[in-house]
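Heads up: the structure comes next, in structure tokens.
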Amino acid sequence: MTTPLSAAEIAKAVASRKLSALEATETALARIAQHNGLLNCFTDVTADRARAKAGAVDAAVAAGQKVGPLAGVPFAVKNLFDVKGLSTRAGSRINRDLAPSLRDATLIERLEAQGAVLVGALNMGEYAYDFTGENIHDGPSRNPHDPTRMSGGSSGGSGSSVGGGLVPIALGSDTNGSIRVPSSFCGIFGLKPTYGRLSRARSFPFVASLDHLGPFARSTGDLALAYDAMQGPDADDAACTMRPVEPVTPLLAQDISGLRVAIAGGYFQNNVFPEAVEAVARVAKALNATRTVEIPEAARARAAAYVISTTEGASLHLDRLRKRPNDFDPAVRDRLIAGAMVPAPLVDRAQKFRRWYRARVLELFKTVDVILAPATPCVAPKLGQVTFTLDGVELPVRANIGIHTQPISFIGLPVVAVPVPLEPMPIGVQVIAAPWREDIALRVAYALEKMGVAAAPGPRGI
Amino acid sequence: MSTGSIDDYITAVAKALNLTIEDAWRPAVRSNLEVSLRMARLVDEFKLPDESEPASVFSA
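In order, the protein sequence lines correspond to chains C and Y.
Mapped onto this note's numbering, the consecutive letters of the first sequence carry residue numbers 72 to 533.
Mapped onto this note's numbering, the consecutive letters of the second sequence carry residue numbers 21 to 80.
This is the structure:
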């Protein structure tokens with residue numbers, strides 16, 4: 072397929088009347104029509120709405136009005152975002168019975184306020200409790216580089232749609248790795264911002280303590296454009312920061328030679344396949360990073376994230392588990408029922424440990440600006456794959472995909488997952504910064520892209 | 021916890037929470053609970069001072 076235009080290229084062409092927003096929208100809709108049968112990344116295509124919005128953008132351009140930096144840029148959202156007129160299914164069968172949403176999620180409103188055009192909602196793992204991108208109700212979203220492989224989860228449709236070039240920007244959520252895992256498997260850039268940076272208002276939750284929303288794109292520039300458009304306080308999300316908008320786009324090309332970059336050692340170098348080792352080594356070499364740092368108690372952090380996730384998730388779904396247990400994916404249901412049975416003192420201890428761990432990691436960030444770690448231990452496994460063998464040991468796939476992402480999101484650190492275009496399958500590396508320093512992670516990602524070390528490969532499987 | 025006692029625990033908590041667990045689901049629930057408790061034990065073993073505050077945030 073031809074290389075799709077980036078979000079920045081579309082917006083520039085629309086603003087200068089070289090391309091209409093409607094043409095950009097029709098191109099995206101045509102790509103969706105052509106490839107969604109294979110990739111299964113869209114669950115809803117909002118074509119009428121998209122054409123109406125694109126027409127409004129074109130009218131504004133024709134009237135000489137100022138249009139935003141995302142003018143005419145098609146985008147799509149994981150189907151846990153409220154989209155006016157759609158029931159927010161969150162990958163489930165049960166939520167299809169909800170009344171249609173009366174208002175869009177805050178992040179959709181903010182992107183559209185800058186001229187972007189929503190073209191649909193995307194497949195995901197049920198209730199976001201997933202790392203594979205498989206869905207028992209809607210079928211799996213598929214990997215654009217090899218459709219027999221997983222897209223990664225739980226924002227699988229987001230990874231697949233951007234990786235497949237159907238849209239330049241998608242939104243997803245990340246509780247334990249659900250932006251970074253699909254980014255890694257689908258070979259694209261993903262930003263999991265600092266916890267509280269972007270509003271979660273009018274999105275379906277999973278684990279309130281750990282839920283983040285963020286963008287996917289095929290370049291750092293597009294990622295930053297979307298991120299900048301979505302920042303800002305929002306009274307509708309209790310966890311959303313009051314910090315003002317801190318635009319990163321103007322800072323992307325700043326020199327990074329003064330930044331102190333280290334490689335995560337210990338826990339983050341265990342249980343990894345050679346591809347993950349190779350990807351981290353390429354990124355580290357490009358950044359002249361030779362220092363290794365130990366993130367203290369990372370295994371325990373992952374365990375605490377697991378406990379908080381399963382128990383808060385169980386609490387969220389308790390009524391549905393009582394009334395409609397047979398309408399869940401059985402695997403999700405059985406995890407959630409088990410989560411409901413974890414004694415409360417152990418959950419409280421996990422939250423106390425979280426504060427302790429945060430303080431230790433913030434100490435570490437006094438001596439380093441960026442930490443590198445694998446985004447996933449492996450490239451995308453085959454759909455339905457249950458185990459993989461590492462160092463002669465057979466391990467469960469689902470339980471191990473997120474082992475390197477969980478200790479990071481557990482304390483809300485900002486991360487850009489950068490794609491390293493290995494053959495035949497790409498794999499991601501986490502560029503991790505201190506809280507509220509998305510600018511640093513994005514600048515490093517941008518530099519890696521300019522050096523040719525990080526790149527979103529064209530879809531190899533469609 | 022032995023398999024028998026964890027089954028008793030599951031039965032008791034399910035009753036307290038008004039959850040139905042069909043026999044066919046029980047092995048998967050047990051296996052998930054064993055993983056969750058193993059993870060929780062790792063946290064439980066880590067000694068923290070009595071003054072430790074949880075990470076959850078509340079502002080009056």
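In this text, a Cβ means the ideal position worked out from N, Cα and C, and glycines have one as well.
Query                                                                                                                                                                                   : Result
From C:Gln185, C:Leu173, C:Leu443 and C:Ser232, pick the residue whose C-alpha is nearest to that of Pro530 (chain C); which is it?                                                     : C:Ser232
Going by CA-CA distance only, name the one from C:Val502, C:Met522 and C:Pro506 that's closest to Leu579 (chain C).                                                                     : Look at the range of chain C in this structure, 72 to 533, and you will see that residue 579 (chain C) is not part of it.
Out of curiosity, what's the CA-to-CA distance linking Ala525 (chain C) and Arg362 (chain C)?                                                                                           : 21 angstroms
Could you confirm whether any beta carbon from chain C is found closer than 8 angstroms to the beta carbon of Asp83 (chain Y)?                                                          : Residue 83 (chain Y) is absent from the structure shown; chain Y starts at 21 and stops at 80.
What would DSSP say about Ser244 (chain C), mapped onto helix, strand or coil?                                                                                                          : strand
What is the rounded straight-line gap between the Cα of Leu484 (chain C) and the Cα of Arg46 (chain Y)?                                                                                 : 37 angstroms
Within 10 angstroms of its Cβ, does Met195 (chain C) collect 16 or more other Cβ (buried), or is it exposed?                                                                            : buried
Per the DSSP calculation, Ser172 (chain C) is bridged to which residue(s)?                                                                                                              : C:Lys155
To be precise: take each residue of the stretch 406-418 of chain C, compare its Cβ to all Cβ atoms of chain Y, and keep it if any distance is under 9 angstroms. Which residues remain? : Arg406, Leu407, Ile408, Ala409, Gly410, Ala411, Met412, Val413, Pro414, Pro416, Leu417 and Val418
Look up Met221 (chain C) in the DSSP assignment and give the residues it is bridged to.                                                                                                 : C:Arg213
On the three-state DSSP scale, how would you describe Asp307 (chain C)?                                                                                                                 : coil
Return helix, strand or coil for Gly532 (chain C), following the three-state DSSP convention.                                                                                           : coil
Assuming Phe277 (chain C) contacts Ala376 (chain C) under a Cβ cut-off of 8 angstroms, what Cβ separation, rounded to an integer in Å, is found between them?                           : In fact, because the Cβ distance is near 12 angstroms, the residues do not count as touching under 8 angstroms.
Do the stretch 110-119 of chain C and the stretch 150-162 of chain C meet, that is, are 3 or more Cβ pairs less than 8 angstroms apart?                                                 : yes
Per DSSP, Glu465 (chain C) forms a beta bridge with which residues?                                                                                                                     : C:Thr460
Are the C-beta atoms of Asp28 (chain Y) and some chain C residue less than 8 angstroms apart?                                                                                           : no
Below 6 angstroms CB to CB, which residues in the same chain sit around Glu94 (chain C) once its five sequence neighbours on both sides are set aside?                                  : none
Hey, is Thr23 (chain Y)'s beta-carbon within less than 8 angstroms of any beta-carbon in chain C?                                                                                       : no
Does any residue of chain Y bring its CB to less than 8 angstroms from the CB of Leu392 (chain C)?                                                                                      : yes
Can you confirm whether Thr31 (chain Y), when its beta carbon is compared against all beta carbons of chain C, has any partner nearer than 8 angstroms?                                 : no
So Ala64 (chain C) packs on Leu193 (chain C), CB below 8 angstroms; how close in whole Å?                                                                                               : Any answer about residue 64 (chain C) is impossible in this case: the structure gives chain C only from 72 up to 533.
Mind checking whether Arg426 (chain C) and Ala75 (chain Y) have CB atoms under 8 angstroms apart?                                                                                       : yes
With distances taken between CB atoms, is the gap from Pro490 (chain C) to Gly126 (chain C) smaller than 8 angstroms?                                                                   : no
Output, in chain order, the set of chain Y residues within a Cβ distance shorter than 8 angstroms of Lys423 (chain C).                                                                  : Leu68, Ser72, Glu73, Pro74 and Ala75
Could I get the ranges of all uninterrupted beta strand (DSSP E) runs contained in the stretch 82-136 of chain C, with 3 residues as the minimum, in chain order?                       : 113-116
If you count every other CB in all the chains shown that lies within 10 Å of the CB of Asp245 (chain C), and 16 or more means buried, which is it?                                      : buried
If you follow the alpha helix (DSSP H) that Thr381 (chain C) is in, where does it begin and where does it stop?                                                                         : Ala369 to Lys394
According to DSSP, is Arg268 (chain C) helix, strand or coil?                                                                                                                           : coil
Cβ closer than 7 angstroms: which chain Y residues qualify as neighbours of Trp427 (chain C)?                                                                                           : Leu68 and Ser72
Considering only residues of the same chain and omitting the five flanking positions on each side of Asp400 (chain C), which have a CB-CB separation below 7 angstroms?                 : Glu197 and Ile207
In this structure, what does DSSP give as the bridge partners for Val487 (chain C)?                                                                                                     : C:Leu262 and C:Val502
When burial is assigned at 16 or more other CB atoms within 10 Å of the CB, is Ser222 (chain C) buried or exposed?                                                                      : buried
By DSSP's criteria, Thr363 (chain C) is part of a beta bridge. Which residues make up the other side?                                                                                   : C:Ile334
Here's a check: name, in chain order, each residue in its chain whose Cβ is nearer than 6 angstroms to the Cβ of Pro478 (chain C), leaving out the five neighbours to either side.      : Ala369, Ala372 and Arg373
In terms of alpha-carbon separation, which member of C:Ile498, C:Thr381, C:Pro467 and C:Asp209 lies closest to Glu346 (chain C)?                                                        : C:Ile498
Need the endpoints of the beta strand (DSSP E) that Gly191 (chain C) sits in, please.                                                                                                   : Val188 to Leu193
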